[in-house]
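Engineer: Structure below; questions to follow.
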Amino acid sequence: MAPKGATAACCLFFACFFSDVLSAVRADGANGKRQNLLLDVDTGVDDAMAITLAASSPNVCVLAITVVAGNTNLSNAYNNTLRVLQAINRTDIPVYKGADRPIDGRWDYEEIYFGPDNFGNASSLYPMGNNSAPDPNTYGYLKMIEVIKNSSNDLTLVLLGPLTNLAIALLVEPNLTENVTAIYILGGNIYGRGNILPGSEFNFLTDPEAALVVLQRALCPVYSRPDF
């Protein structure tokens, strides 16, 4: 479990990062039209802030949330996402389970971030709401493909965990992002600094193959920011 100071610093960073994303999205939609978002998350206490900010913004419409294994296993991340939506009274946003491990199939995660439930050991205090998705077990990458194809020139992707879901979607549909407004990624590093190993940032290190696929194959503007 992360120390209290580290948790607070992480949450503050997330608030700043996502506020910047929402400001950019509002600028893209300066014509006054609400901007569509698709969130891809590995929900713990940090992603919970991003979901809350996006879902409460009057200028943004969250079309769907896809979940990926990252900070915790897929089941925890999915359940925590439902807890957040229940807490903020936004169970109308559909949630879909995505990849439960990186592209290469390995999964050696240790539950050390934000407790075993990735929610500060507070999951028992926050009940899960109902999922409005018709079939929440639809593969996350398939839902990404569907949402992107149905949102002509008016969709921003925000990826807050490992990039596995979008990478798989791009391997299936190489031209998928040609009409996406922008992709915002929480990940990568600069100046050779890392936050999990020297020179390695967590989201990219968890699935480096997925990061490579997304950065090489995206056909729209991509903005990446290290999560430290």
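Numbered according to mature numbering (1 follows the signal peptide of the UniProt record, and there is no 0), the sequence shown spans residues -23 to -1, 1 to 205. All C-beta atoms in this analysis are idealised placements derived from N, C-alpha and C, irrespective of residue type, glycine included.
(1) How long is the line joining the alpha carbons of N50 and K10, rounded to whole angstroms?
(2) Runs of 3 residues minimum, wholly inside the region 33 to 108: which ones carry the beta strand (DSSP E) assignment?
(3) Should residue 211 and A64 be called a contact, given that it needs their Cβ atoms to be closer than 8 Å?
(4) Using 8 Å as the threshold, is the C-beta distance between A27 and A46 below it?
(5) Please report the straight-line C-alpha distance between L148 and N56, rounded to a whole angstrom.
(6) In angstroms with no decimal places, state the Cα-to-Cα distance between L136 and Y116.
(7) Quick one: Cα of S109 to Cα of L16, how far?
(8) Restricting to Cα atoms, I'd like to know which of I160, I173, A144 and Y168 is closest to D81.
(9) Using DSSP's beta-bridge definition, name the partner residues of Q12.
(10) Going by CA-CA distance only, name the one from N66, M105, K120 and N107 that's closest to L40.
(11) What number of angstroms, rounded off, separates the C-alpha of G169 from the C-alpha of P111?
(12) Tell me whether G176 is buried or exposed, calling it buried when 16 or more other Cβ atoms sit within 10 Å of its Cβ.
(13) Given a cut-off of 8 Å, decide if V72 and V44 are closer than it, judged by their beta-carbon atoms.
(14) For the alpha helix (DSSP H) containing A146, list its first residue and its last residue.
(15) Select from E155, G106 and N114 the residue whose C-alpha is nearest the C-alpha of residue 260.
(16) By Cβ distance below 6 Å, which residues in the same chain neighbour S128 in space, the five residues on each side in sequence not counted?
(17) With 16 other CB atoms within 10 Å as the buried threshold, where does Y118 fall?
(18) Measure how close the beta-carbons of T29 and T58 come, nearest whole angstrom, since I'm counting them as under 8 Å.
(19) Based on DSSP bridge pairs, tell me the residues matched to L136.
(20) Have a look at L153 and L192 and give me their C-alpha separation to the nearest angstrom.
(21) Taking DSSP as the reference, what is the three-state secondary structure of V199?
(22) Under a three-way DSSP split, which group does S177 fall into?
(23) Assign A110 to one of three DSSP states: helix, strand, or coil.
Structural biologist: Reading from the atomic positions:
(1) Looking at the two C-alpha atoms, the distance is approximately 36 Å.
(2) Runs of the beta strand (DSSP E) inside the region 33 to 108: 37 to 44 and 72 to 74.
(3) The displayed coordinates of the chain run from -23 to 205. Any statement about residue 211 would go beyond what the structure contains.
(4) Contact: no.
(5) Those two C-alpha atoms are separated by around 27 Å.
(6) Taking the straight line from one Cα to the other gives about 16 Å.
(7) Rounded to the nearest angstrom, the two C-alpha atoms are 16 Å apart.
(8) Minimum Cα distance to D81 is reached at A144.
(9) Answer is V37, bridged to Q12.
(10) The residue among N66, M105, K120 and N107 with its C-alpha nearest the C-alpha of L40 is K120.
(11) So the two alpha carbons sit approximately 44 Å from each other.
(12) Exposed, because fewer than 16 other Cβ atoms sit within 10 Å of the Cβ of G176.
(13) Yes. Within cutoff.
(14) For A146, the uninterrupted alpha helix (DSSP H) run begins and ends at T141 to V149, by DSSP.
(15) The structure shown does not extend to residue 260, since the chain is modelled only from -23 through 205, so no value can be given for it.
(16) Around S128, the same chain offers N13 as residues with beta carbons nearer than 6 Å, after the five sequence neighbours per side are excluded.
(17) Buried, because 16 or more other Cβ atoms sit within 10 Å of the Cβ of Y118.
(18) Their Cβ separation, rounded to whole angstroms, is 11 Å, which puts T29 and T58 out of contact at 8 Å.
(19) Paired residues: D17 and I162.
(20) The straight-line gap from Cα to Cα measures roughly 13 Å.
(21) Here V199 carries a strand assignment [DSSP, helix/strand/coil].
(22) Three-state result, S177: strand.
(23) A110: coil per DSSP, three-state reduction.
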